[in-house]
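Reading through the structure tokens given below for one structure.
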Amino acid sequence: MFVVKTPLIGLVDHVNTYVMKANDEDIVIDAGPDLFLSIMALRKNMKKLNVRLDRSLFIATHAHRDHIGATQKLAATSKVYIGYNELRKLVSDEGQAREVLAFAVENGFPKHLAKGIIRLMLEVRLKNSLELVPLRDGDTLELGHYKLECVETPGHTHGHVCLYDQDKRVLFSGDHVLRDITPNISSWSYEEDSLSAYLLSLKRLLDLDPIIVLPGHGRPLKDLKKRVQELVNHHEKRLFEIIEILKVRSGDAYWISSKVKWKMQHPSWGYTSILYKWLAFGETLAHLNFLAKLGVVDRKVVKGKTIYQIVNVNAAEVVKKVVASLFFSTP
Numbered sequence: 003m004f005v006v007k008t009p010l011i012g013l014v015d016h017v018n019t020y021v022m023k024a025n026d027e028d029i030v031i032d033a034g035p036d037l038f039l040s041i042m043a044l045r046k047n048m049k050k051l052n053v054r055l056d057r058s059l060f061i062a063t064h065a066h067r068d069h070i071g072a073t074q075k076l077a078a079t080s081k082v083y084i085g086y087n088e089l090r091k092l093v094s095d096e097g098q099a100r101e102v103l104a105f106a107v108e109n110g111f112p113k114h115l116a117k118g119i120i121r122l123m124l125e126v127r128l129k130n131s132l133e134l135v136p137l138r139d140g141d142t143l144e145l146g147h148y149k150l151e152c153v154e155t156p157g158h159t160h161g162h163v164c165l166y167d168q169d170k171r172v173l174f175s176g177d178h179v180l181r182d183i184t185p186n187i188s189s190w191s192y193e194e195d196s197l198s199a200y201l202l203s204l205k206r207l208l209d210l211d212p213i214i215v216l217p218g219h220g221r222p223l224k225d226l227k228k229r230v231q232e233l234v235n236h237h238e239k240r241l242f243e244i245i246e247i248l249k250v251r252s253g254d255a256y257w258i259s260s261k262v263k264w265k266m267q268h269p270s271w272g273y274t275s276i277l278y279k280w281l282a283f284g285e286t287l288a289h290l291n292f293l294a295k296l297g298v299v300d301r302k303v304v305k306g307k308t309i310y311q312i313v314n315v316n317a318a319e320v321v322k323k324v325v326a327s328l329f330f331s332t333p
């Protein structure tokens with residue numbers, strides 16, 4: 003098994019593309035984006051590894067452009083496996099973009115900025131000519147010496163999947179578990195509770211026993227349980243932070259996201275890139291939806307904008323109890 007660091011242009015500098023040599027066809031997990039630089043680099047590395055892309059099988063952990071975009075150029079004659087729920091979203095109607103735009107503007111994101119970025123953040127629409135094969139939870143791909151089980155892990159996207167080789171105790175985690183950064187968890191409707199889905203998906207992984215976790219970005223990790231605990235703690239602290247912001251005053255999601263202490267490239271929200279603001283905004287919405295579902299935060303519409311306010315003075319205690327019941331007590 004080989005890992006190829008396929009270059010990216012954006013918030014992270016590469017995606018980990020995993021290549022496995024099988025008997026009749028090779029396996030490529032997360033081929034990368036449809037950028038000229040990325041595709042040229044991947045072709046060069048595949049040639050070095052003596053991998054024929056025209057007889058390879060492709061697997062995408064999810065449908066974000068930096069993981070699946072390259073398949074449009076590389077997998078014209080190959081199968082592309084992707085999570086069933088992710089595939090359903092890929093073929094959804096074009097009205098989805100308009101709905102997300104309206105939701106974002108209603109929650110305070112500047113319309114002129116949202117229009118320019120929304121195409122980048124929606125799941126990429128793949129060519130109809132690609133042979134897309136849905137993967138359902140528990141499905142197993144047996145290829146050569148590899149036996150990859152599909153584990154549905156919604157959260158980062160609606161249909162994200164991890165792949166687990168139980169015999170080798172190797173987990174391909176996509177963007178569900180990353181060692182160096184926390185995955186972005188966003189919600190793009192009032193009904194979408196991405197954070198609850200993500201936390202429950204993390205809990206699912208505790209039933210596995212990998213000796214190594216191979217993520218979509220950054221370095222591999224060995225202690226999965228420790229990293230899961232760190233990720234749970236991170237989101238619990240983010241919930242507490244948003245509660246404290248709302249105790250000062252009510253506001254829309256865009257304003258709230260500007261007050262959260264993100265690890266930003268720039269010291270000031272005003273100088274932060276539009277893409278980073280969009281990701282921060284989406285993650286803030288995921289946490290607000292979680293709090294609204296718990297009944298500690300309420301929404302009201304004021305002059306066409308959705309305003310969030312605290313309705314339970316013991317909101318932090320409620321969050322602690324719920325997270326503990328989902329998982330285990332957090333220190």
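FYI, the numbering for the sequence shown is 3 to 333, going by my numbering.
Note that beta-carbon positions come from the ideal geometry of N, C-alpha and C, so glycine has one too.
Predicted, not measured: the structure shown is a model, and the values here were computed from it.
Query raised in the report: What alpha helix (DSSP H) runs, 4 residues minimum, are completely inside the stretch 194-218?
Result: 196-207
Query raised in the report: What does a CB cutoff of less than 8 Å around aspartate 211 pick up in its chain, not counting 5 residues either side in sequence?
Result: Within the sequence shown, numbered from 1, the residue matching residue 211 stands at position 209. Hits under 8 Å: Arg171.
Query raised in the report: What whole-angstrom Cβ distance do glutamate 88 and histidine 160 have, given they're in contact under 8 Å?
Result: As a first step, residue 88 is located in the sequence shown; it is residue number 86 there, counting from the start. As a first step, residue 160 is located in the sequence shown; it is residue number 158 there, counting from the start. With a Cβ gap of about 7 Å, glutamate 88 and histidine 160 count as contacting.
**Report entry** Opposing strand residues paired with alanine 62 [DSSP bridges]
**Finding:** Translated into positions along the sequence shown, residue 62 becomes position 60. DSSP lists Ile84 as partners of alanine 62.
Query raised in the report: Would the beta-carbon of leucine 296 fall within 9 Å of that of valine 324?
Result: By 1-based counting over the sequence shown, the position of residue 296 is 294. By 1-based counting over the sequence shown, the position of residue 324 is 322. A contact, by the Cβ cut-off of 9 Å.
Requested in this report: Kindly indicate which residue of Val299, Ser260 and Val298 has the alpha-carbon position closest to the one of alanine 282.
Outcome: Your numbering for residue 282 matches position 280 in the sequence shown. For the residues Val299, Ser260 and Val298, the minimum Cα distance to alanine 282 belongs to Ser260.
Query raised in the report: If you draw a straight line from the alpha carbon of valine 107 to that of lysine 113, how long is it in whole angstroms?
Result: Here residue 107 is taken as the residue at index 105 of the sequence shown, counted from 1. Here residue 113 is taken as the residue at index 111 of the sequence shown, counted from 1. The straight-line gap from Cα to Cα measures roughly 6 Å.
Report task. Could you round the C-beta distance between histidine 158 and isoleucine 187 to whole angstroms and report it? I think they count as a contact, below 8 Å. Result -> Here the question's residue 158 lines up with position 156 in the sequence shown. Here the question's residue 187 lines up with position 185 in the sequence shown. Confirmed, about 6 Å.
Query raised in the report: Is the number of C-beta pairs between the stretch 50-62 and the stretch 22-32 that are closer than 8 Å three or more?
Result: Contact holds: three or more Cβ-Cβ distances are below 8 Å.
Requested in this report: Please report how far the alpha carbon of leucine 92 lies from the alpha carbon of alanine 99, in whole angstroms.
Outcome: Along the sequence shown, one-based indexing puts residue 92 at 90. Along the sequence shown, one-based indexing puts residue 99 at 97. Distance between the alpha carbons of leucine 92 and alanine 99 is about 12 Å.
**Report entry** For tyrosine 148 and proline 333, the rounded distance between their alpha carbons
**Finding:** Residue 333 sits at position 331 when you count from the first residue of the sequence shown. Residue 148 sits at position 146 when you count from the first residue of the sequence shown. Unreliable placement is indicated for proline 333, whose pLDDT of 44 sits below 50; the coordinate value is still reported in the next sentence. Proline 333 and tyrosine 148: Cα-Cα distance of roughly 39 Å.
Query raised in the report: Is the distance from the Cβ of alanine 197 to the Cβ of glycine 12 below 9 Å?
Result: Locating residue 197 in the sequence shown gives position 195, where the first residue counts as 1. Locating residue 12 in the sequence shown gives position 10, where the first residue counts as 1. The identity of residue 197 in the sequence shown is leucine, whereas the question assumes alanine. Contact: no.
**Report entry** Member of Asn18, Gln168, Ala294 and Ala199 whose CA lies at the smallest distance from the CA of leucine 248
**Finding:** Taking the sequence shown and counting its residues from 1, the one referred to as residue 248 is at position 246. Selected option, being the one with the closest Cα: Ala294.
**Report entry** Beta-carbon proximity list for leucine 103, same chain, < 8 Å, skipping 5 on both sides
**Finding:** Within the sequence shown, numbered from 1, the residue matching residue 103 stands at position 101. The answer, listed in chain order, is Lys113, Ala116, Lys117 and Ile120.
Report task. Helix, strand or coil for threonine 13, going by three-state DSSP, please let me know. Result -> Counting from 1 along the sequence shown, the entry for residue 13 is found at position 11. Rather than threonine, the amino acid found at residue 13 in this sequence is leucine. Reduced to three states, the DSSP call for leucine 13 is coil.
Query raised in the report: CB valine 182 to CB arginine 221, shorter than 9 Å?
Result: Working through the sequence shown from its first residue, we reach residue 182 at position 180. Working through the sequence shown from its first residue, we reach residue 221 at position 219. Note that residue 182 is aspartate in the sequence shown here, rather than valine. Yes.
Query raised in the report: With a CB to CB cut of under 7 Å and the five nearest residues on each side skipped, what residues in its chain are close to tryptophan 257?
Result: Residue numbering aside, residue 257 sits at position 255 when the sequence shown is read from its first letter. Counting only Cβ-Cβ distances below 7 Å, and skipping sequence neighbours, we find Gly110.
Report task. Answer yes or no: do aspartate 177 and histidine 64 have a C-beta to C-beta separation smaller than 9 Å? Result -> The count along the sequence shown starts at 1 and reaches residue 177 at position 175. The count along the sequence shown starts at 1 and reaches residue 64 at position 62. Closer than 9 Å, so yes.
Requested in this report: Within 10 angstroms of the Cβ of valine 82, are there 16 or more other Cβ atoms? Answer buried if so, exposed if not.
Outcome: Counted from its first residue, the sequence shown places residue 82 at position 80. Buried, because 16 or more other Cβ atoms sit within 10 Å of the Cβ of valine 82.
Query raised in the report: When the distance is taken between beta carbons, is valine 14 closer than 9 Å to histidine 219?
Result: By 1-based counting over the sequence shown, the position of residue 219 is 217. By 1-based counting over the sequence shown, the position of residue 14 is 12. Contact flag set, yes.
Query raised in the report: In angstroms, rounded to a whole number, what distance separates the CA positions of leucine 143 and valine 5?
Result: Here residue 143 refers to the residue found at position 141 of the sequence shown. Here residue 5 refers to the residue found at position 3 of the sequence shown. Distance between the alpha carbons of leucine 143 and valine 5: 19 Å.
Query - Pick from Ala72, Glu193, Gln231 and Glu154 that is closest to serine 40, judged by C-alpha positions - result: Against the sequence shown, residue 40 aligns to sequence position 38. Relative to the Cα of serine 40, the nearest Cα in the group Ala72, Glu193, Gln231 and Glu154 belongs to Ala72.
Query raised in the report: Can you list, in chain order, the residues of its chain whose CB lies under 6 Å from that of leucine 145, leaving out five sequence neighbours each side?
Result: Stepping through the sequence shown from its first residue, residue 145 is reached at position 143. Excluding sequence neighbours, leucine 145 sits near Ala24 and Ile29.
Query raised in the report: alpha helix (DSSP H) containing glycine 97: first to last residue?
Result: Your numbering for residue 97 matches position 95 in the sequence shown. Note, glycine 97: alpha helix (DSSP H), 97-108.
Query - Complete alpha helix (DSSP H) runs within the stretch 216-298 (minimum length 4 residues, chain order) - result: Every alpha helix (DSSP H) of 4 residues or more that sits fully in the stretch 216-298 is shown, in chain order, as 226-250, 255-261 and 276-296.
Report task. Pick helix, strand or coil for methionine 22, following the three-state DSSP scheme. Result -> As a working note, residue 22 is residue 20 in the sequence shown. In the structure shown, the three-state DSSP call for methionine 22 is strand.
Query raised in the report: Relative to the alpha-carbon of leucine 37, which residue among Thr19, Thr8 and Met22 has its alpha-carbon at the smallest distance?
Result: What you label residue 37 is simply residue 35 of the sequence shown in a count that begins at 1. Out of Thr19, Thr8 and Met22, Thr8 has the C-alpha closest to the C-alpha of leucine 37.
Report task. Identify whether phenylalanine 174 lies in helix, strand or coil by the three-state DSSP scheme. Result -> Position 172 of the sequence shown, counted from the first residue, corresponds to residue 174. It is a strand residue.
Report task. Pull up the DSSP beta-bridge partners for arginine 301, would you. Result -> Your numbering for residue 301 matches position 299 in the sequence shown. Per DSSP, Tyr310.
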